[in-house]
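Chains as they are written, first to last, in our numbering: chain C, 201 to 617; chain U, 201 to 617.
See below:
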């Protein structure tokens with residue numbers, strides 16, 4: 201598919217994340233401080249809440265679907281409504297649209313506009329489905345022979361995260377306190393994490409509910425779209441707490457998501473296959489067709505007042521399990537899923553050292569600090585800004601995710617200290 | 201404190217769970233199928249939604265707090281409103297109440313009335329804070345020398361559960377399917393859990409939000425009340441999936457909560473201390489005063505068409521960490537908590553074999569099936585009804601939780617099989 205041309209000039213530039221081919225969904229604050237739903241186009245946002253209010257855009261046959269500035273209710277209406285809306289917005293923004301002059305009054309510049317969470321994150325699950333990441337982390341802790349847990353090649357391993365800690369790009373992240381016990385310490389101490397880290401992930405947004413086990417094919421249909429996702433992780437807190445029930449407070453400080461939900465429909469031309477497998481998967485996990493996507497990803501690290509260094513470049517197609525497989529597995533026990541559930545892919549690492557999606561891997565557990573402009577890093581330092589970016593690369597255009605940004609601020613002192 | 205007398209005769213019986221001293225909060229369906237908020241008194245329910253609608257009971261200065269038949273909005277109003285409401289309802293139901301005749305029209309019999317979830321479970325966390333339980337389970341898997349994980353005596357270990365799977369007492373539970381791999385199997389198979397289990401717990405209901413670390417004292421104040429909680433667990437699925445990120449699908453089928461939230465205020469006379477500790481806790485986890493409760497608990501198992509056997513009797517005061525300590529720990533990383541968050545205590549086991557709160561422990565991993573009326577059990581069988589009960593025992597009265605009931609139905613066949 202070539203670039204689809206829009207009357208919005210900036211949407212036709214080859215380097216924009218938001219050509220007409222994309223049309224991702226976000227939520228922004230208007231001048232009155234009200235949340236509105238918006239669709240990104242070039243360097244602008246189309247205010248679709250205002251368009252709906254003014255009767256210029258109808259969502260299904262219902263009124264006021266977008267009135268709360270949140271896409272949850274829209275998602276609940278289902279794939280047919282998603283498809284029709286996308287067709288309607290495409291027509292409004294296409295080169296040959298009937299009335300650009302009217303539409304122009306509903307455009308807001310992206311620069312200077314504050315974004316908010318585009319949906320209510322109902323529950324948040326984080327997976328662990330990049331083989332290179334699992335192998336790297338396992339090698340550090342258990343040696344390369346025992347790197348992958350025995351279950352890993354048979355199912356997408358995941359854990360329930362904390363939905364209340366999900367924030368939108370641009371929100372500062374406060375370094376967590378917690379219990380930390382080094383290998384030579386007799387007892388744990390309490391204090392700020394010294395091994396605070398990021399995880400480069402893609403999050404899948406569940407747009408349709410299910411009340412029992414669903415197939416991989418159905419799971420694929422139930423996914424509304426995808427966001428960039430940074431699962432902030434305190435490695436020292438994690439090391440001490442995670443046995444036997446998994447990560448808890450080490451992952452509960454914040455998870456930052458990008459402001460734009462890229463619709464699954466926009467990613468259709470970029471489908472990719474999961475890799476060849478060592479084991480035959482059980483039938484409930486088999487994909488009837490390719491359900492991953494080819495999405496180039498990168499991580500930038502900018503010290504306080506400094507210059508950005510791109511510290512990692514990888515691709516979503518490195519995943520061993522697709523989001524559809526993860527969602528199908530999630531339901532197999534009968535677990536109900538709801539509109540607004542968010543599924544993190546797990547850290548996405550490629551085979552090469554510069555393709556690692558966490559600082560833990562990039563600095564090999566802190567033993568091999570890596571260079572950045574004007575310094576080195578093992579883990580995140582106060583004042584550092586971490587930026588994730590991603591885009592599916594078409595012929596002369598890109599379907600991008602915008603950026604997913606968070607700056608780390610110093611830990612708070614607790615009154616008890 | 202002695203029994204407080206009510207004009208509702210059944211509330212003065214020494215064996216009722218619901219004397220005037222209790223007044224727990226629940227939600228029920230009216231004859232019209234509408235959810236209303238109710239307060240249990242003796243064998244009846246006082247319809248407080250109808251009382252509010254008719255202007256006979258005011259919740260703070262706001263109208264229609266109880267109109268949706270859910271206690272979430274009420275909880276959000278905070279401890280002063282909770283206290284005033286409790287005082288007002290106590291006055292309406294006391295022996296010397298001014299107008300029992302009018303009130304009698306707002307009474308619904310408990311028998312035959314269908315209960316629904318009394319609040320929207322925002323997120324669900326399950327802890328692992330009974331030392332006897334942790335020791336029993338650890339002994340089975342790692343031997344008694346290594347039974348307790350090294351972190352266990354230093355912090356309340358917990359994991360995020362799945363809020364969407366929380367159901368109210370009386371809801372059938374469908375035996376889950378999942379991946380299972382026995383110690384002698386080369387590869388996992390897919391099928392119904394053969395080691396389906398219960399966990400006897402008390403759940404703490406968070407009634408006030410917090411946005412950063414809070415003290416144990418503040419955490420105690422933020423807890424609205426307590427419910428019985430059965431965390432259904434598929435032990436064979438759990439054994440294969442839980443390393444390294446903790447339980448996931450093994451705990452996602454269902455968690456049943458009792459229909460009645462017993463207010464923290466009703467449990468005040470029954471406060472109890474956590475046990476003496478092997479280690480000095482870090483300051484952020486220290487309790488300024490006793491924050492556990494003395495609550496007698498039991499588990500009944502009734503085979504399909506058979507007679508109930510009480511298979512376990514224990515007490516909430518066996519916990520090593522209180523709910524206030526769990527909640528304070530939950531917030532230490534900065535994790536935001538919201539109204540309606542539910543915190544499971546973890547399986548409550550006492551030191552004696554008949555005090556064990558799971559079948560896994562009662563049958564010692566299935567190796568020592570235990571006797572019930574007309575048979576034996578290692579794990580739950582299809583058609584079994586499991587009933588949890590609990591009450592704080594006063595002098596001539598009890599502050600009870602009602603019962604928390606679930607019947608297990610056969611697994612579904614998946615289309616892929």
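Glycine is no exception: its CB is placed at the ideal position from the N, C-alpha and C atoms.
Item checked: Pick from U/422, U/436, U/403 and U/332 that is closest to residue 377 of chain U, judged by C-alpha positions -> Position 177 of the second chain, counting from 1, holds the residue named residue 377 of chain U. Distance check between residue 377 of chain U and each of U/422, U/436, U/403 and U/332 places U/436 closest, using alpha-carbon atoms only.
Item checked: Chain-ordered chain C contacts of residue 349 of chain U [CB-CB under 8 angstroms] -> For the purposes of this step, residue 349 of chain U is identified with residue 149 of the second chain, where counting begins at 1. Going along chain C in sequence order, the residues near residue 349 of chain U (Cβ under 8 angstroms) are 443 and 444.
Notebook entry, point to check: When Cβ atoms are compared, which residues of the stretch 314 to 345 of chain U fall closer than 7 angstroms to chain C?
Noted result: Cβ contacts with chain C come from 323 and 328.
Next item on the list: Just list the alpha helix (DSSP H) runs in the stretch 545 to 576 of chain C, keeping only unbroken ones of 4 residues or longer that don't cross its boundaries, in chain order.
Entry: You should have 559 to 562.
Check: Along chain C, in chain order, which residues have C-beta atoms closer than 7 angstroms to that of residue 452 of chain U?
Finding: As a working mapping, residue 452 of chain U is identified with position 252 in the second chain. The answer, in chain order, is 533 and 535.
Checklist line | Length of the line joining the Cα atoms of residue 372 of chain U and residue 321 of chain C | finding: Residue numbering aside, residue 372 of chain U sits at position 172 when the second chain is read from its first letter. Residue numbering aside, residue 321 of chain C sits at position 121 when the first chain is read from its first letter. Residue 372 of chain U and residue 321 of chain C: Cα-Cα distance of roughly 28 angstroms.
Item checked: Range of the contiguous alpha helix (DSSP H) that encloses residue 333 of chain U -> Reading the second chain from its first residue, position 133 is the one you call residue 333 of chain U. First-last of the alpha helix (DSSP H) with residue 333 of chain U: 331 to 342.
Checklist line | Cutoff 8 angstroms: residue 470 of chain U Cβ touching any chain C Cβ | finding: Locating residue 470 of chain U in the second chain gives position 270, where the first residue counts as 1. False, the Cβ-Cβ gap to chain C never drops below 8 angstroms.
Note to self: So that I know if they touch, is there some Cβ in chain U lying closer than 8 angstroms to that of residue 516 of chain C?
What the structure shows: Residue 516 of chain C sits at position 316 when you count from the first residue of the first chain. So, not an interface residue.
Margin query: Using a 10 Å radius around the Cβ and a threshold of 16 neighbouring Cβ atoms, would you call residue 605 of chain U buried or exposed?
Written below: As a first step, residue 605 of chain U must be located in the second chain, where it is residue number 405. Residue 605 of chain U is classed as buried because its beta carbon has at least 16 other beta carbons within 10 Å across all chains shown.
Notebook entry, point to check: Using a Cβ-Cβ distance under 8 angstroms, would residue 231 of chain C count as near chain U?
Noted result: As a working note, residue 231 of chain C is residue 31 in the first chain. For residue 231 of chain C, the answer is no, since every Cβ of chain U falls outside 8 angstroms of its Cβ.
Next item on the list: Put residue 355 of chain U into one of helix, strand or coil per three-state DSSP.
Entry: Looking up residue 355 of chain U in the second chain gives position 155. Coil at residue 355 of chain U, not helix or strand.
Notebook entry, point to check: Taking C-alpha atoms, which residue in U/333, U/212, U/262 and U/235 lies nearest to residue 551 of chain U?
Noted result: Indexing the second chain from 1 puts residue 551 of chain U at position 351. In this structure, U/333 is the residue among U/333, U/212, U/262 and U/235 with its C-alpha nearest to the C-alpha of residue 551 of chain U.
Note to self: Please report the straight-line C-alpha distance between residue 218 of chain C and residue 231 of chain C, rounded to a whole angstrom.
What the structure shows: Numbered from its first residue, the first chain carries residue 218 of chain C at position 18. Numbered from its first residue, the first chain carries residue 231 of chain C at position 31. Distance between the alpha carbons of residue 218 of chain C and residue 231 of chain C: 23 angstroms.
Next item on the list: Please classify residue 365 of chain C: is it buried, with 16 or more other beta-carbons within 10 angstroms of its beta-carbon, or exposed?
Entry: In the first chain, the residue the question calls residue 365 of chain C occupies position 165. With 16 or more Cβ atoms within 10 Å of its Cβ, residue 365 of chain C is classed as buried.
Checklist line | Cα-Cα separation between residue 211 of chain U and residue 465 of chain U, rounded to whole angstroms | finding: Here residue 211 of chain U corresponds to residue number 11 of the second chain, with the count starting at 1. Here residue 465 of chain U corresponds to residue number 265 of the second chain, with the count starting at 1. One C-alpha to the other measures close to 18 angstroms.
Next item on the list: Report the neighbours of residue 377 of chain C on chain U: residues whose CB is nearer than 9 angstroms to its CB, in chain order.
Entry: Taking the first chain and counting its residues from 1, the one referred to as residue 377 of chain C is at position 177. Neighbours of residue 377 of chain C on chain U, chain order: 413, 484, 532, 533 and 534.
Notebook entry, point to check: Is the number of C-beta pairs between the stretch 446 to 453 of chain C and the stretch 527 to 534 of chain U that are closer than 8 angstroms three or more?
Noted result: yes
Margin query: If we define contact as Cβ-Cβ less than 8 angstroms, is residue 612 of chain U a contact residue for chain C?
Written below: Mapped onto the second chain, residue 612 of chain U falls at position 412. Chain C, which has a Cβ nearer than 8 angstroms to the Cβ of residue 612 of chain U, makes this yes.
Item checked: Segment contact, 8 angstroms Cβ cut-off, at least three pairs: the stretch 346 to 357 of chain U with the stretch 377 to 394 of chain C -> Yes, since at least three Cβ pairs between the stretch 346 to 357 of chain U and the stretch 377 to 394 of chain C fall closer than 8 angstroms, the two stretches touch.
Next item on the list: Go ahead and pull the three-state DSSP assignment for residue 416 of chain C.
Entry: One-based indexing of the first chain puts residue 416 of chain C at position 216. DSSP places residue 416 of chain C in helix when its eight states are reduced to three.
Next item on the list: Assign residue 499 of chain C to one of three DSSP states: helix, strand, or coil.
Entry: Taking the first chain and counting its residues from 1, one reaches residue 499 of chain C at position 299. Three-state result, residue 499 of chain C: strand.
Next item on the list: Could you pull out every residue in the same chain whose Cβ sits closer than 7 angstroms to the Cβ of residue 331 of chain C, ignoring the five residues on either side in sequence?
Entry: The count along the first chain starts at 1 and reaches residue 331 of chain C at position 131. If we look at residue 331 of chain C and ignore the five residues flanking it on each side, its Cβ neighbours are 520.
Check: For the stretch 296 to 315 of chain C, which residues have a beta carbon sitting closer than 7 angstroms to at least one beta carbon of chain U?
Finding: Here the close residues number zero.
Margin query: Let me see if you follow: with CB-CB separation under 8 angstroms, is residue 359 of chain U close to chain C or not?
Written below: In the second chain, the residue the question calls residue 359 of chain U occupies position 159. So, interface residue.
Checklist line | Same chain only: Cβ atoms within 7 angstroms of residue 569 of chain U, ignoring 5 sequence neighbours per side | finding: As a working mapping, residue 569 of chain U is identified with position 369 in the second chain. These residues qualify, in order along the chain: 563, 576, 577 and 578.
Notebook entry, point to check: Which of the three DSSP states, helix, strand or coil, is assigned to residue 617 of chain U?
Noted result: Taking the first residue of the second chain as position 1, residue 617 of chain U is located at position 417. With a pLDDT of 45 at residue 617 of chain U, under the threshold of 50, the predicted position of this residue should be treated as unreliable, and no value is reported.
Note to self: Using 8 angstroms for Cβ pairs, my map puts residue 545 of chain C next to residue 561 of chain C. What's the rounded Cβ distance?
What the structure shows: Your numbering for residue 545 of chain C matches position 345 in the first chain. Your numbering for residue 561 of chain C matches position 361 in the first chain. Not really, about 15 angstroms apart at Cβ, beyond 8 angstroms.
Check: Interface residues of chain U around residue 374 of chain C at Cβ under 7 angstroms?
Finding: For the purposes of this step, residue 374 of chain C is taken as the residue at position 174 of the first chain. Chain U residues near residue 374 of chain C: 534.
Check: Buried or exposed: where does residue 249 of chain U fall if 16 or more other Cβ atoms within 10 Å of its Cβ makes it buried?
Finding: For the purposes of this step, residue 249 of chain U is taken as residue 49 along the second chain, with counting starting at 1. Classification for residue 249 of chain U: buried.
Notebook entry, point to check: Enumerated in chain order, which unbroken segments of the alpha helix (DSSP H) with a length of 4 residues or greater are wholly contained in the stretch 297 to 321 of chain U?
Noted result: 300 to 304
Notebook entry, point to check: If we count the other Cβ atoms within 10 Å of its Cβ and call it buried at 16 or more, is residue 261 of chain U buried or exposed?
Noted result: Start at 1 with the first residue of the second chain, and residue 261 of chain U comes out as number 61. Per the 10 Å Cβ criterion, exposed.
Margin query: Can you give me the C-alpha to C-alpha distance between residue 303 of chain C and residue 374 of chain C, rounded to a whole angstrom?
Written below: As a first step, residue 303 of chain C is located in the first chain; it is residue number 103 there, counting from the start. As a first step, residue 374 of chain C is located in the first chain; it is residue number 174 there, counting from the start. Distance between the alpha carbons of residue 303 of chain C and residue 374 of chain C: 40 angstroms.
Notebook entry, point to check: Is there contact here, the stretch 425 to 443 of chain C with the stretch 594 to 608 of chain C, by at least three beta-carbon pairs under 8 angstroms?
Noted result: yes
Notebook entry, point to check: The alpha helix (DSSP H) with residue 437 of chain U in it runs from where to where?
Noted result: Within the second chain, residue 437 of chain U is the residue found at index 237, counting from 1. Counting along the chain, the unbroken alpha helix (DSSP H) around residue 437 of chain U starts and ends at 435 to 441.
Next item on the list: Return the Cβ separation of residue 498 of chain C and residue 513 of chain C in integer angstroms, given the expectation that the two are a contact with Cβ distance under 8 angstroms.
Entry: As a first step, residue 498 of chain C must be located in the first chain, where it is residue number 298. As a first step, residue 513 of chain C must be located in the first chain, where it is residue number 313. Right, the Cβ-Cβ distance comes to about 5 angstroms (below 8 angstroms), so this counts as a contact.
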